[in-house]
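Q:
Protein chains: 2
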Amino acid sequence: MALKESLISLMQNKDFRDISITDIVELADLNRGTFYKHYQYKEELLEEVMEDVIADLIISYREPYKNVEIFTIKELTASVIKIFEHVANFANIYTLLLKSNAWPTLLERICNELKKLPLEDLEDYLPNPKINIELASSYQAYAILGMIIEWVNTGFKYSADYMAEQLLEILNNKSVNSVFKINHSF
Amino acid sequence: MALKESLISLMQNKDFRDISITDIVELADLNRGTFYKHYQYKEELLEEVMEDVIADLIISYREPYKNVEIFTIKELTASVIKIFEHVANFANIYTLLLKSNAWPTLLERICNELKKLPLEDLEDYLPNPKINIELASSYQAYAILGMIIEWVNTGFKYSADYMAEQLLEILNNKSVNSVFKINHSF
DNA sequence: ATACTTATTGTACAAGTGTTCATTAACTAC
DNA sequence: GTAGTTAATGAACACTTGTACAATAAGTAT
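So the protein lines, in turn, are chains L and X.
The numbering used here applies: residue 235 is where the first sequence begins, and numbers increase by one.
The numbering used here applies: residue 235 is where the second sequence begins, and numbers increase by one.
(1) What residues of chain X sit near L:Q246, judged by a beta carbon separation below 7 Å?
(2) Could you list which residues in chain L have their beta carbon closer than 7 Å to that of X:L369, in chain order?
(3) Which bits of chain L does X:I318 rub up against, with CB to CB less than 7 Å?
(4) Would you say X:L179 reaches chain L, if we count a Cβ-Cβ gap shorter than 9 Å as a contact?
(5) Output yes or no for whether 9 Å exceeds the beta carbon distance between X:G380 and L:Q374.
(6) Check whether the segment 262-271 of chain X and the segment 282-297 of chain X touch, using three or more Cβ-Cβ pairs below 8 Å as the test.
(7) Using a Cβ-Cβ cut-off of 8 Å (strictly less than) and excluding sequence neighbours within five positions of X:L264, which residues of its own chain qualify?
(8) Please list the partners that X:E347 has in chain L, where partner means a Cβ-to-Cβ separation under 8 Å.
(9) Spatial neighbours of X:Y328 within its chain, please: C-beta separation below 8 Å, excluding the five flanking residues on both sides.
(10) By the 10 Å Cβ neighbour count, where 16 or more other Cβ atoms means buried, how is X:K393 classified, buried or exposed?
(11) Here's a check: name, in chain order, each residue in its chain whose Cβ is nearer than 6 Å to the Cβ of L:M245, leaving out the five neighbours to either side.
(12) Could you give the DSSP three-state label for X:G389: helix, strand or coil?
(13) Going along the chain, which residues of its own chain have a beta-carbon closer than 6 Å to the beta-carbon of X:I378, five neighbours each way excluded?
(14) DSSP three-state label for L:D395, please.
(15) Can you check whether the CB of X:D395 is closer than 9 Å to the CB of L:I315?
(16) Considering just the uninterrupted stretch of the alpha helix (DSSP H) at L:D290, what are its terminal residues?
(17) Tell me, please, whether the CB atom of X:S243 is closer than 9 Å to any CB atom in chain L?
(18) Could you tell me whether any Cβ in chain L is nearer than 9 Å to the Cβ of X:Y376?
(19) Exposed or buried, which one is L:I365 when buried takes at least 16 other CB atoms within 10 Å?
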């Protein structure tokens with residue numbers, strides 16, 4: 235607890251990478267050995283801070299449809315809103331994580347390129363004027379990154395053609411104005 | 235060049251975080267001071283490796299529609315395939331980046347939770363049997379992460395309600411079976 | 001209270017970090 | 001080729017890191 239608070243406090247003024255373990259334990263008034271008893275490196279401590287945030291995320295999205303077997307677009311909307319409300323609640327920590335160097339610029343770099351892809355035109359032509367272009371393109375960019383990550387994790391068991399086919403299939407599939415079955419498998 | 239090769243070589247056997255700058259310069263047969271002349275930390279060197287990969291990514295996706303003003307779903311498909319072919323070409327480096335600790339588990343953790351969200355049912359109900367569930371849920375999870383990141387970057391200038399509305403709007407919008415205008419603004 | 005277990009402390013050590021600086025080597029003019 | 005610029009080297013410095021170990025403090029049984 236003291237270590238987490240110490241880290242969060244230090245991250246207000248300093249880049250994550252410039253914070254030494256010595257800094258953390260000195261502010262927390264603990265021995266350096268105590269840190270190493272619980273964590274291997276400061277990233278692990280940061281992850282635990284994140285775990286607390288994620289615990290709230292899980293509660294937030296589950297809340298709207300507990301005791302609901304079949305839910306409609308209304309309940310889904312409520313659930314989605316809860317997620318974003320959760321992020322708003324932890325806005326400072328989310329900001330901290332993105333601003334500090336804890337977040338690698340590698341990801342940012344890939345996604346910035348993906349955003350420039352004309353793929354976004356897929357959703358922008360005959361555009362829905364309500365749609366925020368910035369949000370939609372970030373959505374699209376990270377969505378593709380998500381597919382790439384999944385692909386890498388399978389050890390590239392699919393072909394590039396298959397991946398492209400899948401993307402187009404996902405983009406083509408729509409079934410919003412209907413009733414959904416909730417997934418209870420998790 | 236020598237430093238990049240040295241790092242890639244070391245990453246075959248060792249976690250990124252366990253590779254010291256001393257290791258890198260010794261294998262590259264260079265002085266440690268030379269490293270610090272060019273880079274602040276090893277992450278910066280890794281980013282430069284990534285830049286080389288991204289340079290190829292850009293070429294890959296632009297190739298299918300150079301000299302094309304209006305393109306159809308065919309050219310788009312070609313472009314998408316090129317992206318995934320590029321990833322396949324650099325499969326070893328992509329794998330290296332994901333397997334090593336260069337990639338923070340933070341992201342993974344968030345996305346794993348997002349994947350469990352019933353949001354995927356949005357696309358799964360009345361499901362297209364062709365769609366790969368794993369890929370689709372990773373797509374969906376990172377897509378939402380993308381929106382969150384964009385949101386954070388704006389300094390939370392939108393409300394949570396607006397964000398949820400936008401997500402539903404994006405999911406609702408479809409215009410695949412048409413002709414697209416290419417975006418020349420980049 | 002006693003004995004047992006676990007957490008924290010202080011100290012020490014070899015190795016790595018980030019920086020500085022004078023010296024040497026390599027590259028670019030003209 | 002010579003002069004001027006830039007890059008790489010080696011050595012040194014205070015500091016952080018990761019690890020180890022014996023000593024002490026805190027917590028948890030019975």
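Just so you know, even glycine gets a beta-carbon here, dropped at the ideal spot from N, CA and C.
A: Judging by the given coordinates:
(1) For L:Q246, none of the residues of chain X pass the 7 Å Cβ criterion, the least Cβ distance being about 16 Å.
(2) Under the 7 Å cutoff, chain L gives M381, E384, Q400.
(3) The question names Ile, yet the displayed sequence has Phe at residue 318 of chain X. Those are A394, M397, A398, listed as they occur along chain L.
(4) This structure leaves residue 179 of chain X out entirely; chain X is present only between 235 and 420.
(5) Here X:G380 is near L:Q374, since their CB atoms are less than 9 Å apart.
(6) Judged by Cβ distances under 8 Å, the segment 262-271 of chain X makes no contact with the segment 282-297 of chain X, as fewer than three pairs qualify.
(7) So the list reads A236, L237, once near-sequence residues are dropped.
(8) Those are I288, L291, I292, listed as they occur along chain L.
(9) Only residues of its own chain outside the window of five on either side were considered, and among them V287, V321 have a CB closer than 8 Å to the CB of X:Y328, listed in chain order.
(10) The residue you asked about is not Lys; residue 393 of chain X is Ser in the sequence shown. By the beta-carbon neighbour count (other beta carbons within 10 angstroms, threshold 16), X:S393 is exposed.
(11) Taken in chain order, the residues that qualify are L330, S334.
(12) If DSSP states are grouped into helix, strand and coil, X:G389 belongs with coil.
(13) So the qualifying residues of the chain are L348.
(14) Helix, per DSSP.
(15) Going by C-beta atoms, L:I315 is nearer than 9 Å to X:D395.
(16) Per DSSP, the unbroken alpha helix (DSSP H) holding L:D290 starts and ends at 276-296.
(17) Cβ-Cβ to chain L under 9 Å: no for X:S243.
(18) With respect to chain L, the C-beta atom of X:Y376 has a partner C-beta closer than 9 Å.
(19) With a threshold of 16 other beta carbon atoms within 10 Å, L:I365 meets it and is buried.
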